[in-house]
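S.K.: Let me begin by handing over the structure; questions about it come next.
Protein chains: 2
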Amino acid sequence: MTLPTIAFDGDDTLWHNETLFAGTQQHLRDILAVHVPAETIDRTLLARERANLALFGYGVKGFTLSMIETAIEVSDATVTAAEIQRLIELGKAMLSSPVNPIDGVDAVVESLKRRGHRLMVITKGDLFDQESKVARSGLADLFDAVEIVSEKDEATYRAILDRHEIAPADFVMVGNSIRSDILPVLALGGHAIHVPYAITWAIEHADNTADLPPILKAGSIAEVPEMIAGL
Amino acid sequence: MTLPTIAFDGDDTLWHNETLFAGTQQHLRDILAVHVPAETIDRTLLARERANLALFGYGVKGFTLSMIETAIEVSDATVTAAEIQRLIELGKAMLSSPVNPIDGVDAVVESLKRRGHRLMVITKGDLFDQESKVARSGLADLFDAVEIVSEKDEATYRAILDRHEIAPADFVMVGNSIRSDILPVLALGGHAIHVPYAITWAIEHADNTADLPPILKAGSIAEVPEMIAGL
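Line by line, the protein sequences give chains A and B. When you line the first sequence up against the numbering used here, it's residues 469 to 699, in that order. When you line the second sequence up against the numbering used here, it's residues 469 to 699, in that order.
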């Protein structure tokens with residue numbers, strides 16, 4: 469086997485992300501607590517996010533717009549302009565929030581680089597925000613390529629592998645989402661290592677979990693180099 | 469000279485875009501007309517867009533959030549939730565609006581393709597929205613590569629040329645924005661043809677117009693193939 473190219477997902481694989489969304493969603497619940505219980509807010513927000521995905525794609529700006537729609541809907545349009553401005557400020561705070569690498573990421577990436585692997589980031593979301601996060605993570609110099617994509621499906625991975633002239637057998641994807649990081653890569657004949665994160669966004673849950681192929685799972689990112697050596 | 473690669477800007481070069489923003493801005497003025505005159509709305513919106521650019525980048529979702537902030541500001545936070553929902557609907561309408569190619573684009577792109585030029589789109593904005601626009605334009609199959617970027621500066625163009633192994637002397641950029649499509653390419657030693665659009669967004673205006681280098685200017689996109697042949 470050629471020394472494989474290792475690609476890492478960004479959000480919740482290299483750096484914390486869902487905790488930021490969860491914290492913001494708690495603020496949304498607090499702002500709207502006078503109108504409806506938290507469960508209604510969570511359910512409405514998820515429904516809005518799903519409905520808006522085809523127009524907004526992934527990312528903080530679309531999430532902020534979905535929060536505003538949720539506030540208008542659950543308050544029967546009585547939410548105030550000042551409260552809506554607070555939701556926009558929450559979105560802006562997410563976009564300028566420090567990027568916190570997950571424990572152990574630095575050492576893992578550096579050790580793989582020393583072994584001579586070609587290293588990539590493959591992340592989805594808003595182009596501008598993701599570029600900014602890669603830069604703010606302090607990890608950018610360790611990677612040979614950063615690919616920011618709008619959706620992580622088989623066609624996306626195939627296009628990336630073709631463009632970089634990588635055979636699927638020489639490619640390992642490392643990520644926290646079975647739906648976005650693992651299944652499409654396995655379907656192409658590549659390798660994938662699942663590193664679960666504490667929280668998984670409902671929209672990232674894989675359908676049909678009964679039919680999943682066998683999936684290599686790491687307890688933490690620190691286990692990844694040894695698992696790659698053993699492939 | 470090697471047969472050059474020709475790259476086209478998307479918004480307002482291949483397809484109409486500013487007209488869509490201008491139409492939406494007129495709706496914003498109508499909704500807020502009870503609060504302040506149109507000039508105040510336009511000035512506040514532009515200030516918000518400028519202030520938000522570093523967090524939101526370019527694109528419709530950020531524009532929609534800036535419209536909401538403008539509505540809250542000029543109404544002294546008296547704008548209603550229902551009016552804000554209308555602004556979000558305007559943003560969604562922009563994202564699903566048909567993509568109208570500019571007159572003559574099809575013939576120009578096909579003629580350059582027949583002559584054997586490698587053809588690209590280099591466009592900036594929201595990744596998801598721009599991918600969708602390229603697809604909806606019906607032009608996607610004519611291009612060898614589509615590059616969606618967060619900013620069009622010298623570094624961006626240099627990275628694209630490097631990645632595609634194109635010498636600047638063998639590269640022609642065609643676009644409507646002197647700031648984004650022309651000046652950075654000329655600075656790299658590439659060629660550029662300016663095809664003005666009826667409206668230029670204030671943020672795209674070039675600074676220091678006194679110091680501009682000589683710029684090749686086409687009256688319409690139909691003149692571009694002959695100008696390229698004469699380079």
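Backbone N, C-alpha and C define an ideal beta-carbon position, used for all residues, glycine too. Just so we're clear, the structure is a prediction, and the values are computed from it rather than from any experiment.
1. Counting only Cβ pairs nearer than 7 Å, list the residues of chain A close to residue 601/B.
2. Answer with buried or exposed for residue 682/A, where buried requires no fewer than 16 other C-beta atoms within 10 angstroms of its C-beta.
3. Of all the residues that make up the region 548 to 565 of chain B, which are near chain A by a beta-carbon distance shorter than 8 Å?
4. For residue 604/A and residue 653/A, what's the separation of their Cα atoms in angstroms?
5. Could you check how far apart the C-beta atoms of residue 690/A and residue 576/A are, in whole angstroms? I think they sit under 8 Å.
6. Between the Cα of residue 593/B and those of 536/A, 555/A, 525/A and 553/A, spot the shortest distance and give me the residue it belongs to.
7. Going along chain A, which residues have a C-beta under 8 Å from residue 537/B?
8. May I ask which residues mark the beginning and end of the alpha helix (DSSP H) holding residue 532/B?
9. Which two residues bound the contiguous alpha helix (DSSP H) that contains residue 592/A?
10. Tell me whether residue 584/B is buried or exposed, calling it buried when 16 or more other Cβ atoms sit within 10 Å of its Cβ.
11. If we count Cβ pairs, one from each stretch, closer than 8 Å, do we get three or more for the region 598 to 618 of chain B versus the region 550 to 561 of chain B?
12. Spatial neighbours of residue 611/B within its chain, please: C-beta separation below 7 Å, excluding the five flanking residues on both sides.
13. Counting only beta-carbon separations shorter than 8 Å, does residue 605/A have a partner in chain B?
14. Relative to the C-alpha of residue 478/A, which residue among 636/A, 613/A and 680/A is closest?
15. Listed in chain order, which residues of the region 614 to 631 of chain A have Cβ atoms closer than 7 Å to some Cβ of chain B?
16. If I'm right that residue 703/A touches residue 487/A with Cβ under 8 Å, what's the distance once you round it to whole angstroms?
17. Chain D partners of residue 545/A, CB-CB under 8 Å?
18. Pop quiz: residue 662/B and residue 686/B are said to be a contact at Cβ under 8 Å. What is the actual Cβ separation, rounded to whole angstroms?
19. Could you compute how far the alpha carbon of residue 471/A sits from the alpha carbon of residue 638/A?
20. At a CB distance below 8 Å, what residues from the region 473 to 488 of chain A approach chain B? Give them in sequence order.
21. Whose C-beta lies closer than 8 Å to the C-beta of residue 581/B among residues of the same chain, with five residues either side of it excluded?
22. Start and end of the alpha helix (DSSP H) containing residue 643/A?
23. Enumerate in chain order the residues of its own chain whose CB-to-CB distance from residue 635/B is below 8 Å, with the five nearest sequence positions on each side excluded.
24. Check residue 479/B in the structure and name its three-state DSSP category.
25. Can you confirm whether residue 594/B, when its beta carbon is compared against all beta carbons of chain A, has any partner nearer than 8 Å?
26. May I have the straight-line CA-CA distance separating residue 495/A from residue 562/B, to the nearest angstrom?
27. According to DSSP, simplified to helix, strand and coil, what is residue 620/A?
28. How many angstroms separate the CA atom of residue 535/A from the CA atom of residue 669/A?
M.R.: Reading from the atomic positions:
1. Result: empty, since nearest Cβ-Cβ is about 12 Å, beyond 7 Å.
2. exposed
3. 548, 549, 550, 552, 553, 556, 559, 560, 563 and 564
4. Distance from the CA atom of residue 604/A to the CA atom of residue 653/A, rounded to whole angstroms, is 27 Å.
5. The Cβ separation is near 6 Å, so the contact holds.
6. 525/A
7. 553 and 556, listed in chain order.
8. 528 to 542
9. Taken as a continuous stretch (DSSP letters only), residue 592/A belongs to no alpha helix (DSSP H), being part of the beta strand (DSSP E) at 587 to 592.
10. exposed
11. no
12. When the five nearest sequence neighbours on each side are left out, the beta carbons in the same chain lying within less than 7 Å of the beta carbon of residue 611/B are those of 587, 588 and 589, in order along the chain.
13. no
14. 613/A
15. Interface annotation for the region 614 to 631 of chain A against chain B: 616 and 618, criterion Cβ-Cβ distance under 7 Å.
16. There is simply no residue 703/A to check, as chain A begins at 469 and stops at 699 in what is shown.
17. Looking at the structure shown, chain D is missing, and the protein chains on hand are A and B.
18. Separation of the CB atoms of residue 662/B and residue 686/B is rounded to 7 Å, and the pair is thereby assigned contact status at 8 Å.
19. 7 Å
20. none
21. 587 and 610
22. Taken as a continuous stretch (DSSP letters only), residue 643/A belongs to no alpha helix (DSSP H), being part of the beta strand (DSSP E) at 639 to 643.
23. 470 and 629
24. strand
25. yes
26. 29 Å
27. coil
28. 15 Å
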